[in-house]
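Read in order, the letters of the sequence shown are residues 2 to 130 in this note's numbering.
Glycine included, C-beta positions come from ideal geometry on N, C-alpha and C.
Nothing here was measured: the structure is a model prediction, and the numbers come from that model.
Below is one structure, written out as structure tokens, with a few remarks after it.
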Amino acid sequence: MKKTILGALLAAASLLCLGGCGQQSRVDELKDFVEKVQKEGSDYTEEQWKEVNDEFSKLLDKLNNYKDLSPEEVKEIAKYQAEYATAAFKEHAGKFMQEADKTLEQAGGALEGALEGLTGDDETEESDD
Numbered sequence: 002m003k004k005t006i007l008g009a010l011l012a013a014a015s016l017l018c019l020g021g022c023g024q025q026s027r028v029d030e031l032k033d034f035v036e037k038v039q040k041e042g043s044d045y046t047e048e049q050w051k052e053v054n055d056e057f058s059k060l061l062d063k064l065n066n067y068k069d070l071s072p073e074e075v076k077e078i079a080k081y082q083a084e085y086a087t088a089a090f091k092e093h094a095g096k097f098m099q100e101a102d103k104t105l106e107q108a109g110g111a112l113e114g115a116l117e118g119l120t121g122d123d124e125t126e127e128s129d130d
């Protein structure tokens, strides 16, 4: 009798653990994905970012389809969404700033040339003063 009760308790505990572990792994998949993007995102091309964004959206859709998410899981999902958004923004903002710097340098050179053409001045006349 003791063995039967002990076996039933062990089976129930195993089921509870498996149920809880399964729910946690739903969020862990998102966590692992976001951590990977945070580590490797700076090396991604624009095409890779498109693929990663699609995959991220699919993961969120999958998680949002679960009706039994706990409040803790919802908080974790929101946290990883914010972390992903931050990583993506930093990467895109960094590339944007690099392109803006190049454009400003090119525009500066063109503007300098245009001003010299308008005024008829060159650097040698300015240094003769």
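Provide the residue span of the alpha helix (DSSP H) that contains residue i, from first to last.
| i | result |
| --- | --- |
| Ser71 | Run containing Ser71: none; DSSP gives neither H nor E here. |
Using only the alpha-carbon positions, how far apart do residue i and residue j sit?
| i | j | result |
| --- | --- | --- |
| Ser71 | Gln107 | 54 Å |
| Asn66 | Ala79 | 15 Å |
| Ala14 | Phe90 | Confidence at Ala14 is low in this model, with a pLDDT of 48, below 50, so the placement of that residue should be treated as unreliable; the coordinate-derived value is given next. So the alpha carbons of these two residues sit roughly 44 Å apart. |
| Glu77 | Gly114 | 55 Å |
| Thr104 | Glu56 | 33 Å |
| Trp50 | Glu84 | 15 Å |
| Lys32 | Ala101 | 33 Å |
Quick one: is residue i buried, meaning 16 or more other Cβ sit within 10 Å of its Cβ, or exposed?
| i | result |
| --- | --- |
| Ala86 | exposed |
| Glu52 | exposed |
| Val75 | exposed |
| Ala94 | exposed |
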